[in-house]
Each structure stands twice: as C-alpha cells, then as structure tokens.
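Student:
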Amino acid sequence: MLTFDFFAGIFAGSFVMYLWTKAAAIAKRQRMKAFDISDPMNQLRFIETSSLNATKPINKEAFAVYRSIEDYISSNQRTYRLLAEVGMGAFIKTDFNAVPKAQDKRAFSSYNSKRVDFLVIDAYGKPILVIEYHGSGHYQNNALARDEVKTAALRKAGINLMTVNYGTPDNIIKQDLAQYF
C-alpha cells in the first residue's frame, strides 16, 4: 500500500508540475504576444504611447554633400533626381525564379534592412548611381561589414557606387560625379 501511495504521489506531483509548466508557457506566450512588433495593432499601440518628433533625415555634414550632388545634377543632368536615405529593398529586387526561393529570400533580407545615403535616378525612376557618404562618425561598430553587404548587392544589381569621404571638397565631389554622367 505504501508503494501505491508513493507512486500516486509522484504521479500527482508530476501532473501538477506539468500543468504549472504549461500554464507558465501560455502566460509567457501571452506576454510575448503583447510585444510582438509584427502585429499592426501592437505597432499602433507602441506609436500611440510614444513621444515622436520630426527630425532632419540627414545630418549637417551629409546635407552639404547632398547640396553638392544636387547642384551638379541640376546643372548637368536636369532629368535626374536625387533621393536621400533610401532603403535598398525599394530599388533592388530578387528574381524569385532564378534560384531557389529560400535563397532569394535570404539575399533580400540581407540587403533590405540597409539604406543608402543618396540614390540618383533617371527620368524614368531607374537607379543610376548610389553615393555613400563616409562622414566623421561612419566607422563605428560593424560599418565595414555593412558597407561590404551594400557594395555586393549594388554590384550584383548593376548599380554604380561612388563613395565620398569626410572632408572631400565640393569641387572634387563634382569631378567624381562627372565620371558617372
């Protein structure tokens, strides 16, 4: 009889532990669901309860480069347009029929989260040139690795890349642009 009570106790304890673990897992899923950023309702809630302010999309250094590029384009390529801070997924697409779909999805995910500083498009919206500005704060964390991902995606898509380094004079920027237009 002692043996039966012992095994019944172990079974009852195990069952209670199972229920407790299951309840804890459900509670954790509910807590995680409340913070799931992919849920549009959560996104709205996060925005509604946050303090947002308009800010300049590019810093003062980069804006000086922007003005140089814009000045050159307006004088030499009037049908071209200059865009700033453009997500790479907006102008580079994968061909889901060329290679396995999962491989293209991984490639897209690799560059989609990256932005270029400046994108020059022609009169039809076709990307002509990407210009990356390496300002005074550029080389932080994994900047070189991020730059290499951008460079590889642009090369593969057939889009030219021009780099402007911190302190490059206006006349040199325009001289470099002349090589592409």
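Start counting the sequence shown at 1; every next residue gets the next number (the UniProt record's numbering).
Yeah, the Cβ is synthetic: ideal placement off N, Cα and C, and Gly gets one too.
My assumption, with CB atoms under 8 Å, is that Gly-135 sits in contact with Glu-61. Please give the rounded CB distance.
Tutor: Taking the sequence shown and counting its residues from 1, one reaches residue 135 at position 135. Taking the sequence shown and counting its residues from 1, one reaches residue 61 at position 61. 5 Å between Cβ atoms; contact.
Student: Look at Tyr-133 and Val-86 and say whether their C-beta atoms are less than 8 Å apart.
Tutor: Position 133 of the sequence shown, counted from the first residue, corresponds to residue 133. Position 86 of the sequence shown, counted from the first residue, corresponds to residue 86. No.
Student: Which stretch, first to last residue, makes up the beta strand (DSSP E) that contains Pro-127?
Tutor: By 1-based counting over the sequence shown, the position of residue 127 is 127. From DSSP, the beta strand (DSSP E) with Pro-127 extends over 127-134.
Student: Start and end of the alpha helix (DSSP H) containing Asp-117?
Tutor: Here residue 117 refers to the residue found at position 117 of the sequence shown. That residue, Asp-117, is in no alpha helix (DSSP H); its beta strand (DSSP E) goes 115-121.
Student: Go ahead and pull the three-state DSSP assignment for Leu-144.
Tutor: The residue labelled residue 144 in the question sits at position 144 within the sequence shown. Helix.
Student: Exposed or buried, which one is Ala-24 when buried takes at least 16 other CB atoms within 10 Å?
Tutor: Walking along the sequence shown from the start, residue 24 turns up at place 24. It counts as exposed.
Student: Alpha carbon to alpha carbon, how far is Ile-37 from Lys-101? Give it in angstroms, no decimals.
Tutor: Here residue 101 refers to the residue found at position 101 of the sequence shown. Here residue 37 refers to the residue found at position 37 of the sequence shown. Their Cα atoms are separated by approximately 25 Å.
Student: Out of curiosity, what's the CA-to-CA distance linking Asn-141 and Asp-147?
Tutor: The sequence position of residue 141 within the sequence shown is 141, counting from 1. The sequence position of residue 147 within the sequence shown is 147, counting from 1. In a straight line, the C-alpha of Asn-141 is about 12 Å away from that of Asp-147.
Student: Check each candidate in Ser-110, Phe-7, Lys-174 and Asp-117 and name the one with the smallest Cα separation from Val-130.
Tutor: Taking the sequence shown and counting its residues from 1, one reaches residue 130 at position 130. Val-130 has its Cα closest to that of Asp-117, out of Ser-110, Phe-7, Lys-174 and Asp-117.
Student: Less than 8 Å separating the beta-carbons of Leu-82 and Ile-73?
Tutor: Position 82 of the sequence shown, counted from the first residue, corresponds to residue 82. Position 73 of the sequence shown, counted from the first residue, corresponds to residue 73. The answer is yes: Cβ separation under 8 Å.
Student: Ser-68 and Asp-170: beta carbons closer than 8 Å?
Tutor: Counting from 1 along the sequence shown, the entry for residue 68 is found at position 68. Counting from 1 along the sequence shown, the entry for residue 170 is found at position 170. Yes, the Cβ-Cβ distance between Ser-68 and Asp-170 is below 8 Å.
Student: When you compare the CB positions of Asp-122 and Tyr-180, do they come within less than 8 Å of one another, or not?
Tutor: What you label residue 122 is simply residue 122 of the sequence shown in a count that begins at 1. What you label residue 180 is simply residue 180 of the sequence shown in a count that begins at 1. Their beta carbons are not under 8 Å apart, which means Asp-122 does not touch Tyr-180 by this criterion.
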